[in-house]
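In my numbering, the protein residues as written are 249 to 551.
Laid out in structure tokens, this is it:
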């Protein structure tokens with residue numbers, strides 16, 4: 249009857265965490281805790297996580313996190329076998345609680361022939377957020393299944409760092425438009441300032457046939473989310489530049505850029521918008537509207 253041991257496990261867990269106890273006492277408590285928790289007891293606890301009405305999941309998560317690498321394979325076996333969304337979410341949370349000790353096994357899961365298992369593993373690695381997972385996640389960003397690729401992109405963006413950012417920037421030129429859009433979106437959502445030069449290059453890239461028009465608009469949105477005023481000068485140049493090919497597309501792009509300038513704010517933005525507002529026309533009107541929005545935002549902030 250494993251459930252009768254549950255209170256003993258909780259008591260031992262408290263002893264392990266009690267800094268007032270001696271190192272010897274805490275060490276013995278941990279050894280006994282391991283003896284009681286591993287093997288069949290671990291299987292029993294993990295199966296409890298699959299039960300919708302089990303009310304002590306948080307305690308089980310803490311027990312499993314204390315056991316660490318010793319129970320990772322047990323959790324993963326159940327995760328790859330469970331066939332309901334509730335159980336999947338609970339077991340994913342268990343691995344997230346365990347954290348970095350689970351990373352090697354999760355990276356091993358990325359080689360599973362079942363795409364949904366690979367996607368689940370990529371999602372967990374993103375939630376754990378360790379940069380140790382980046383190298384293992386890289387192949388998933390080029391998986392045959394696009395749903396795996398988008399999850400890998402999301403996880404790489406959440407993890408961040410130089411290596412992950414370089415991978416995401418490389419995907420800005422991917423052949424698949426959905427992947428390019430995902431990379432742009434997540435670089436913006438995570439406010440990755442290191443991606444700013446690549447996003448600006450994309451916005452300014454020559455595109456006489458307009459094939460990159462939608463992608464350029466997404467890049468501008470991402471620049472606005474990042475919120476770094478280093479983007480202002482290139483955006484000023486974009487708006488001042490005159491284009492005779494596909495003028496309607498460039499006009500739309502410039503209006504997007506004007507809105508981003510308003511979001512970035514600052515004295516130089518205000519001076520530039522006032523200058524361009526004097527041009528009149530659609531671009532001038534867009535600058536005037538953006539100036540009003542900036543003033544309203546400032547007034548609300550002061551209030």
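A virtual CB, placed ideally from N, CA and C, is assigned to each residue, including glycine.
Only a predicted model underlies this, so the values are computations on that prediction, with no experimental measurement involved.
Residue 355 sits in a helix when the DSSP states are folded into three classes. At least 8 Å separates the beta-carbon of residue 363 from that of residue 411. By the 16-neighbour rule on beta-carbons within 10 angstroms, residue 371 is buried.
Counting along the chain, residue 309 sits inside the alpha helix (DSSP H) bounded by residues 305–315.
With fewer than 16 other Cβ atoms from the protein chains shown falling within 10 Å of its own Cβ, residue 270 counts as exposed. If you compare the alpha carbons of 398, 348, 349 with that of residue 368, the shortest gap goes to 398. Annotated as distal: residue 509 and residue 534, with beta-carbon spacing of 8 Å or more. Annotation: residue 268 is outside any alpha helix (DSSP H) and is labelled neither H nor E by DSSP. Secondary structure note for residue 341: its alpha helix (DSSP H) is the uninterrupted segment 333–346. Residue 466 counts as buried, since no fewer than 16 other beta carbons sit within 10 angstroms of its beta carbon. For the pair residue 258 and residue 429, the Cα-to-Cα distance works out to about 47 Å. DSSP places residue 393 in the coil class of the three-state scheme, outside both helix and strand. Residue 436 sits buried, since 16 or more C-beta atoms from the chains shown fall within 10 Å of its C-beta.
The C-alpha of residue 256 is placed about 12 Å away from the C-alpha of residue 307. Listed in chain order, the non-local C-beta contacts of residue 478 below 7 Å within the same chain comprise 444, local neighbours out to five positions each way being set aside. For residue 302, the secondary structure class from DSSP, reduced to helix, strand or coil, is coil. Assigned with DSSP and collapsed to three states, residue 423 falls in coil, not helix or strand. When DSSP states are grouped into helix, strand and coil, residue 380 belongs to the helix group.
In the three-state reduction of the DSSP assignment, residue 485 falls in the helix class.
Per DSSP, residue 453 lies in no alpha helix (DSSP H) segment and is marked neither H nor E.
Rounded to whole angstroms, the Cβ separation of residue 449 and residue 473 is 17 Å, and the two are not in contact under 8 Å. If only complete runs of 4 or more residues are kept, the region 504–530 shows the alpha helix (DSSP H) at 515–525, in order along the chain. DSSP, read as helix, strand or coil, puts residue 538 in helix. Closest in C-alpha terms to residue 483, from the list 452, 321, 461, comes 452. Looking at the backbone, the Cα of residue 346 and that of residue 324 are separated by about 12 Å.
If you check the CB distance, residue 415 and residue 404 come in under 8 Å. Under the DSSP assignment, residue 286 falls outside any alpha helix (DSSP H); it carries neither an H nor an E label.
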